[in-house]
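Undergrad:
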Amino acid sequence: MRSERRRAGLGVRALVGTGVVAALFVAAGALIGCSGSPPEILHHDARLSLLRDPASGESAEVLRLFIAVRDPDGADDPMRIFVIHDEQTVYWEMDRSEWVRTEHAGEQWYGMPDLRMPDGGALPRGRYRLIVEDGALSRDESELYLTAAAADRSAAFPGLRIDGRALEIDYHSEVILRVYNRAGRMIVNRSLLPGPVPDEVIRQIPDETGLQAYLTSVDGEPRRESGPYTVPR
Numbered sequence: 002m003r004s005e006r007r008r009a010g011l012g013v014r015a016l017v018g019t020g021v022v023a024a025l026f027v028a029a030g031a032l033i034g035c036s037g038s039p040p041e042i043l044h045h046d047a048r049l050s051l052l053r054d055p056a057s058g059e060s061a062e063v064l065r066l067f068i069a070v071r072d073p074d075g076a077d078d079p080m081r082i083f084v085i086h087d088e089q090t091v092y093w094e095m096d097r098s099e100w101v102r103t104e105h106a107g108e109q110w111y112g113m114p115d116l117r118m119p120d121g122g123a124l125p126r127g128r129y130r131l132i133v134e135d136g137a138l139s140r141d142e143s144e145l146y147l148t149a150a151a152a153d154r155s156a157a158f159p160g161l162r163i164d165g166r167a168l169e170i171d172y173h174s175e176v177i178l179r180v181y182n183r184a185g186r187m188i189v190n191r192s193l194l195p196g197p198v199p200d201e202v203i204r205q206i207p208d209e210t211g212l213q214a215y216l217t218s219v220d221g222e223p224r225r226e227s228g229p230y231t232v233p234r
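At position 155 of the sequence shown the residue is numbered 156 (the working numbering), and the sequence of numbers has no breaks.
1) Strictly by DSSP, which residues pair up with H45?
2) Have a look at W93, V189, P199, R234 and flag the residue whose alpha-carbon is nearest the alpha-carbon of Y215.
3) Helix, strand or coil for D120, going by three-state DSSP, please let me know.
4) Just tell me which of L51, E144, L49 has its CA closest to the CA of L43.
5) State the beta-bridge partners of N182 as determined by DSSP.
6) For chain C, find out if any of its Cβ atoms is closer than 8 angstroms to the Cβ of D54; answer yes or no.
7) Go through its chain and collect everything with a Cβ distance to N182's Cβ below 8 angstroms, but skip five positions before and after it.
8) If I follow the unbroken beta strand (DSSP E) through I188, where does it start and stop?
9) Using the three-state DSSP reduction, which class does D74 fall into: helix, strand or coil?
10) In chain order, what residues of the same chain have a beta carbon less than 6 angstroms from the beta carbon of I273, not counting five sequence neighbours either side?
11) Please classify D115: does DSSP put it in a helix, a strand, or coil?
12) Which residue or residues does DSSP assign as beta-bridge partners of R162?
13) Candidates L124, S60, R179, R186: which alpha carbon is nearest A150's?
14) Counting along the chain, where does the alpha helix (DSSP H) carrying D200 start and finish?
15) What do you get for D78, buried or exposed, if any count of 16 or more other CB atoms within 10 angstroms of its CB means buried?
16) Nearest to M113 by alpha carbon, out of G122, G121, A106, R102?
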């Protein structure tokens, strides 16, 4: 049995034996206290993409996962999130320093936008368990399924041309432009056609450093995505 962990963006990439995963939760269960209320997973949003790094030209299959959680003890109470594929003995473990937290429509969302295999290959298809654990080691569990076929890595990716403050999309069809600030908060989320990015969208991008942009195709599954692009302001 082997255990291997590597860092990837905001997430932890890990390959472990099934027995290790089981032992981890048996040990955690023995420590669960009686104080506080357990977290509740309300729903999740998962998007599978084939991400191309425009700087290196390398591509990797990436799962962007956001989980809406209700915790009566407060939004800061969730402590760890696990994403587990039991059949392939693959799991990811994230703590508070590794996820992005945002509020939308009155709900608290915890995001893991960069879950990938160590070699950048295809993520295992099938059933994943989602587990949220709070400070008292109480937890809730849900599941998601990945069923998309493996992506064709030779097909074209959307591209972003940057000339000062001007942005231009290079692709054959509609894409989604997302821009994130240094804290990981999404500040632009617009569907756009190829060509120059309209001024009204440019005006939504604040004058601050650390901005990163991604382009995502709207055709096919997994989606084709390129980024990050550094957006000068």
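Glycine included, C-beta positions come from ideal geometry on N, C-alpha and C.
On a predicted model such as this, the values are computed, not experimentally measured, just so you know.
TA: This is what the structure holds:
1) Checking the DSSP bridge columns, you'll see H45 partnered with I68.
2) From the listed residues W93, V189, P199, R234, the smallest Cα separation to Y215 is found for V189.
3) Coil, per DSSP.
4) In terms of CA proximity to L43, E144 leads the group L51, E144, L49.
5) Among the bridge pairs identified by DSSP, N182 is matched with none.
6) The structure shown contains no chain C; it is built from a single protein chain.
7) By the criterion of a C-beta distance shorter than 8 angstroms, N182 is surrounded in its chain by I188, P207, E209, G211, L212, once the five residues flanking it on both sides are discounted.
8) 187 to 193 is the span of the beta strand (DSSP E), which, as asked, contains I188.
9) Per DSSP, reduced to three states, the secondary structure at D74 is coil, with no helix or strand assignment.
10) Residue 273 is absent from the structure shown; the chain starts at 2 and stops at 234.
11) In this structure, D115 counts as strand in the three-state DSSP scheme.
12) According to DSSP, R162 bridges with E169.
13) Among L124, S60, R179, R186, the Cα nearest to that of A150 is on L124.
14) From DSSP, the alpha helix (DSSP H) with D200 extends over 200 to 203.
15) Flag for D78 reads buried.
16) When only C-alpha atoms are compared, the closest one is R102.
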